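The letter at position 88 of the sequence shown is residue 88 when you use the numbering used here, and the numbering goes up by one with no holes.
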Amino acid sequence: MPIRLFNSLSRQVEEFKPAHPDRVTMYVCGPTVYHYAHIGNARGPVVFGVLADLLRRHFPKLVYARNITDIDDKINQSALEQGVPISAITEKYARIYREDMGALGVKLPDLEPHATHHIADIIAMIERLIARGHAYAAEGHVLFQVSTFPQYGALSRRSPDEMLAGARVEVAPYKREPGDFVLWKPSPPELPGWDSPWGRGRPGWHIECSAMCHAHFGDTIDIHAGGVDLQFPHHENEIAQSQCANGATFARWWLHNGMLTFDGSKMSKSVGNIRTVHELLREYPAEALRYALLSAHYRQPLDWSAALIEQSIHTLDRLYGTLRDLEAIAAAPELPESVELALADDLNTPAALAELSRLAGEARAAQRDWAQAPEGLARAEAAARARTAKARLLGAGAALGLLQQAPAAWFGHGAGDGDEARIEALVAERTAAKQARDFARADAIRAELAAAGIVLEDTPQGVRWSRKRA
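Printed below as a string of structure tokens:
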């Protein structure tokens, strides 16, 4: 089946065809590692991770890169305030970023280029831009001259006045034109710097991604993705400097995920409504956060709220409850075509999640038929239908990075091994008390477990327990 993706450059949904069918290349803008990532930063890695898995199912090879920005003014400021080298900041938060994304089910990319590992590539690209008349050196700086690239603004569809306002340009006497942007800037002794033809300095942010892309993929990549907030000026500047330096199309497809709002308001440090992935993982099951991030189409805004997370938890409770009822049936995941069709339609995760719920309904019906079927051929046929239904449910979940743990692990979220054994013992004791008609003891055990945040559910298959969600 064809994969169709919305290309931000053409403003159209187009059938995706890589330049080389045997090798797809994709680059996603990664984190600037000076602090914990907020939940909005996680949307791109989650949704584009689903895209990476989709591409791997349809093409022989995908090379997926997500960079680490480990030289930046915010990093420098944090290191100065703490009196440590920048590596102490960047290595710590890069590690935490990987751990937090991993908890959300985000797989590591094939390549994770670091800006500081590509200084020679950055300098070489800047030298090409100067030689071709697109950049100039002035007072220790090197700047890209925007007027030399007539296509500037094609991605963001902004007028020159809008671009100047949106870029918050620095007024500097060494600029030929106000919109020119920095490729290299001087570093005073207290800041990190590298030797260059223009003196000791450090790269500008935009040139880093262009140089890393070129170092690993050559002149042209198939897909470049990131948040819509990066469309201008970052991605616009990447296109300008890459195409002027290399003389070729930089990226054939541009994909942008929408931003998160928080209870209807824009996330802002000044407002104080930023929620980090790190703190949310301490409060909620990681899979519920992932489900919530997939609940809206990736190109649309997503309003983040406690209610959204709670709804995601309740939905996963139902899905895992279905799998728990089918635990006696062994099944290997089988990807339903309906889910793959939804994902191939511009990564339509809401449609895929709706299909996941429908498949769960089919699985529950199959489980009931199997449980009620008489022994013999009818029961064997019902078991086969239940096995197929469970396989399709597991396959649909796997395509979305969901339902990847045992039901007991989901419902026992937060319980340690010893704690879980104690709960099981109390549940067994309550069952025995009820059988002995010692209802006072049974009620006392239920109350004890409830006080510990354990919810009991009496079902035809026996007593089920789960931890009460926050």
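Each residue gets a CB set at the ideal place from its N, CA and C atoms; glycine is no exception. As the structure is a prediction and not an experimental result, all values here were calculated from the model.
Residue from the options whose Cα sits closest to the Cα of residue i
i: N257; options: L51, S187, V146; result: L51
i: P18; options: V142, E177, I119, H224; result: H224
i: A296; options: P350, D121, I68, A115; result: P350
i: T276; options: P21, A37, T25; result: A37
i: Q300; options: G30, R43, C29; result: R43
i: H134; options: Q243, Y174, W205, V63; result: Q243
i: H474; options: E375, D438, E208, R437; result: Residue numbering for the chain in the displayed model covers 1 to 470; residue 474 lies beyond these limits and cannot be assessed.
i: A120; options: A371, F262, R441, A215; result: A215
i: G227; options: I39, V24, A451; result: I39
i: L326; options: L341, R392, L108; result: R392
i: L426; options: R446, G395, E355; result: R446
i: A115; options: A366, H314, R202, L403; result: R202
i: I123; options: A79, E91, M212, G264; result: M212
i: P109; options: S78, D53, M125; result: D53
i: V28; options: R57, A363, L111, A398; result: L111
i: T249; options: K92, I96, T220, W194; result: T220
i: L403; options: A286, S265, H35, K185; result: A286
i: N41; options: L55, G218, M267; result: M267
i: A366; options: T322, N348, A450; result: T322
i: H278; options: I96, R57, Q77, E91; result: I96
i: Q77; options: R437, P188, L55, N348; result: P188
i: P407; options: R318, A172, S265; result: R318
i: R66; options: F217, A373, D438; result: F217
i: P363; options: N348, A352, A331; result: Note that residue 363 corresponds to Ala in the displayed sequence, not to Pro. Considering only alpha carbons, the answer is A331.
i: Y136; options: E91, I274, E81, K185; result: K185
i: H206; options: A172, G264, M125; result: M125
Beta carbon proximity, residue i to chain D, threshold 8 Å
i: Y174; result: Of the protein chains in this structure there is only one, and it is not chain D.
Inter-residue Cα distance where the pair is residue i and residue j
i: R98; j: Q12; result: 33 Å
i: G83; j: D73; result: 15 Å
i: D443; j: R430; result: 8 Å
i: L294; j: V47; result: 7 Å
i: A380; j: G361; result: 21 Å
i: G272; j: S305; result: 14 Å
i: A415; j: I71; result: Bear in mind that a pLDDT of 49 at A415, under 50, signals an unreliable position, so the number given afterwards is only what the model happens to contain. Approximately 40 Å, taken between the alpha carbons.
i: G179; j: G247; result: 22 Å
i: L104; j: Y284; result: 11 Å
i: G395; j: V339; result: 9 Å
i: A452; j: I423; result: 10 Å
i: L281; j: D100; result: 8 Å
i: A371; j: R324; result: 13 Å
i: L308; j: A288; result: 9 Å
i: I68; j: E310; result: 32 Å
i: S210; j: Y298; result: 24 Å
i: F262; j: S87; result: 32 Å
i: H20; j: F6; result: 20 Å
i: V24; j: W194; result: 34 Å
i: G34; j: A354; result: The identity of residue 34 in the sequence shown is Tyr, whereas the question assumes Gly. Each residue's Cα considered, the two are about 38 Å apart.
i: A436; j: G462; result: 16 Å
i: R368; j: F439; result: 30 Å
i: R176; j: D229; result: 27 Å
Contact belief for residue i with residue j at Cβ below 8 Å, rounded distance in angstroms
i: L143; j: L183; result: 6 Å
i: Y291; j: W410; result: Between W410 and Y291 the Cβ distance is about 12 Å, and since that is not below 8 Å, they are no contact.
i: P197; j: E127; result: 7 Å
i: L359; j: P336; result: 7 Å
i: T32; j: I75; result: 7 Å
i: L356; j: L400; result: 7 Å
i: G199; j: G140; result: 5 Å
i: A138; j: Y174; result: 4 Å
i: A94; j: P85; result: About 14 Å separates the two Cβ atoms, so there is no contact after all.
i: L377; j: M1; result: With 8 Å as the limit, L377 and M1 do not qualify as a contact, their Cβ atoms being about 37 Å apart.
i: V106; j: G30; result: Not confirmed; about 11 Å, so no contact.
i: P333; j: A433; result: With a Cβ gap of about 40 Å, P333 and A433 do not count as contacting.
i: A245; j: L129; result: 5 Å
Spatial neighbours of residue i in its chain, beta-carbon cut-off 8 Å, leaving aside the 5 residues before and after
i: R4; result: V13, E14, E15, F16, A344, D345, D346
i: L155; result: S8, L9, Q231, F232, H235, E236, I239, W254
Residues near residue i in its chain [Cβ-Cβ closer than 7 Å; skip 5 each side]
i: Y152; result: V146, E236, A240
i: I329; result: A383, A386, R387, K390
i: E375; result: none
i: D22; result: P60, K61
Neighbourhood of residue i by C-beta distance below 6 Å, restricted to the same chain and skipping five residues each side
i: L302; result: L260, A296
i: G204; result: V182, L183
i: M26; result: Y64, I223
i: F149; result: A240, C244
i: S312; result: A288, Y291, A292
i: S466; result: F411, V455
i: R464; result: E457
Check: residue i C-beta below 7 Å from any heavy atom of the ligand HEM
i: A351; result: With respect to the ligand HEM, the structure offers nothing, as it holds no ligand at all.
Item to complete: At 4 residues or longer, and completely inside the segment 27-111: list those alpha helix (DSSP H) runs for me, N to C.
Response: 39-58, 73-82, 86-103
Fill in: Complete runs of the beta strand (DSSP E) confined to the segment 302-365 [at least 3 residues]
302-304
Worksheet item: Going along the chain, which unbroken runs of the alpha helix (DSSP H) with 4 or more residues stay wholly within the segment 247-304?
Response: 277-283, 286-294
Discussion item. List, from N- to C-terminal side, the beta strand (DSSP E) runs of 3 residues or more that fit wholly inside the segment 400-459.
Written reply: 454-459
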